[in-house]
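Working notes, beginning with the structure itself.
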Amino acid sequence: MQKKYSVKEIQNQLLFIIKDFDSFCKENKITYYLMGGSALGAMRHKGFIPWDDDIDVFLTYENYHRLLNLFESKNPDKEKYFLQRENTKAFPLFLSQICVNNTTYINDQWRNNKKQHHGLFMDLMCLYATPKNKFRRYIQYCAAMLLKVNALERASYPPHNIKKKCLMVASRLVVNRFTRLLIHSYVRKYENKDTEYVGHFFGRARFKFTSFPRAYLGAPRYVDFEDTKLPVMERVEDYLTVRFGPQWFEMPDQKTLDLYPAHGSLVDFEKDYSYYMK
18 MQKKYSVKEI QNQLLFIIKD FDSFCKENKI TYYLMGGSAL GAMRHKGFIP WDDDIDVFLT
78 YENYHRLLNL FESKNPDKEK YFLQRENTKA FPLFLSQICV NNTTYINDQW RNNKKQHHGL
138 FMDLMCLYAT PKNKFRRYIQ YCAAMLLKVN ALERASYPPH NIKKKCLMVA SRLVVNRFTR
198 LLIHSYVRKY ENKDTEYVGH FFGRARFKFT SFPRAYLGAP RYVDFEDTKL PVMERVEDYL
258 TVRFGPQWFE MPDQKTLDLY PAHGSLVDFE KDYSYYMK
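Positions in the sequence shown are counted from 1; adding 17 to them yields our numbering.
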């Protein structure tokens, strides 16, 4: 009989993953930072946001790709962890994941994509170099959004409204194997330039929340996170102000909390997901 797991129990499992990930990054001198809600949780709650059931990190383009290559070749526990790389037939999204083998974490949004690994996971996001000029930055963001919408369509993501469905279908007319490479190369076009800004363009945030000065990154600050310490960017307070607004440190009211839907996920820490996908 399938067991019901609380958000706290899921968080405890995620904590094991991030601790192993942190050790791997330290051993291989890879710099990463908690991002989004994970960074907010670290600074406001000294751990997970109480209702959050995922963990996200981001890395600069160089560190991101170095991590992917090293983890594939030097994964300390290949039986436990699986690297789900971005932009593949099985996982067409433009982010990567470290998944735990022999576990199940099937989110309703991705249930139709039976090719991907559906174990418990943490997300790895890439930060792209981007110019200070807002218009150029917006064009780069739009290129990334075109790739993202097409990736959702390729991953059999169920659209929640007719507008998203139309965008996903229309993306087939523009994005194919050849144009995908061209568009992605445009998103990466500033990587060899010393830009003042960096941006996370493949997430859920709207344009104005996606980029910030590179100077915010700096040297990682290890702060309290549950029973361990994890890194946030040097000027994390400035980053959180960009991402969540100047009142980021205040708890949301109940009306706002009610807007957070419960994740419809099938969870099992002891059974391989493929059992449920047949």
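Using N, Cα and C, we set each Cβ at its ideal position, and we do this for glycine too.
Going by beta carbon distance, what residues of the same chain come within less than 7 Å of residue i, once the five residues before and after it are set aside?
i: M18; result: Because M18 sits at a pLDDT of 44, beneath the cut-off of 50, its placement in the model cannot be relied upon, and the point is left open.
i: V284; result: Y22, I27, T121, Y122
i: A146; result: Y78, Y207, E208, K210, T212, V215
Starting from residue i, follow the beta strand (DSSP E) in both directions and report where the run begins and ends.
i: S173; result: No beta strand (DSSP E) contains S173, which DSSP labels as neither H nor E.
i: V74; result: 73-77
i: M250; result: Premise fails: M250 is in no beta strand (DSSP E) and is neither H nor E.
i: V117; result: 113-117
i: Q101; result: 98-101
i: V215; result: 214-216
i: V240; result: 238-242
i: D140; result: 138-147
Which residues mark the beginning and the end of the alpha helix (DSSP H) in which residue i is found?
i: G53; result: 53-62
i: F286; result: From DSSP, F286 is part of no alpha helix (DSSP H); its letter is neither H nor E.
i: S40; result: 24-44
i: V192; result: That residue, V192, is in no alpha helix (DSSP H); it is neither H nor E in DSSP.
When we look at the beta-carbon of residue i and count the other beta-carbons within 10 Å, is it buried (16 or more) or exposed?
i: G136; result: buried
i: F65; result: buried
i: G220; result: buried
i: M268; result: exposed
i: I35; result: buried
i: E89; result: exposed
i: L199; result: exposed
i: F75; result: buried
i: I179; result: exposed
i: N150; result: exposed
i: D70; result: buried
i: N45; result: exposed
i: V253; result: buried
i: F38; result: buried
i: S202; result: exposed
i: K295; result: exposed
i: F152; result: exposed
i: V117; result: buried
Please list, in chain order, all residues of the same chain as residue i whose beta carbon is under 6 Å from its beta carbon, the five residues on each side excluded.
i: L31; result: I72
i: F33; result: none
i: D255; result: Y233
i: A161; result: V204, F218, F219
i: F242; result: A59, G64
i: L144; result: F75, T77, V215, H217
i: R260; result: F226
i: A172; result: P109, N130
Mind checking who residue i pairs with in its DSSP beta bridge?
i: M294; result: The partner list for M294 (beta bridge, DSSP) is empty, contrary to what the question assumes.
i: S202; result: BP columns for S202 are empty, so no partner.
i: M268; result: For M268, which the question treats as bridged, DSSP gives no partner whatsoever.
i: I123; result: L283
i: Y49; result: Beta-bridge pairing links Y49 to no other residue.
i: P230; result: Y214
Between residue i and the rest of its own chain, which residues show a CB-CB distance below 8 Å, the 5 nearest in sequence each way excluded?
i: R189; result: N167, E170
i: N80; result: I47, T48, Y49
i: T227; result: Y158, G216, H217, F218, G220
i: V192; result: L163, L164, N167, I200
i: P237; result: T48, Y49, Y50, P248, V249, M250, E251
Just to confirm, does residue i get its C-beta within under 7 Å of one of the non-hydrogen atoms of the ligand FMN?
i: D211; result: Among the components modelled here there is no ligand, and therefore nothing to report on the ligand FMN.
Quick check: the region 38-53 against the region 245-255, are there 3 or more CB pairs under 8 Å? yes
Tell me whether the region 150-168 and the region 104-114 touch, counting them as touching only if at least three CB pairs, one residue from each stretch, are closer than 8 Å. yes
Below 8 Å, can you find three or more Cβ-Cβ pairs linking the region 206-213 to the region 124-141? no
If contact is defined by three or more beta carbon pairs under 8 Å, each pair taking one atom from either stretch, is the region 94-102 in contact with the region 120-128? no
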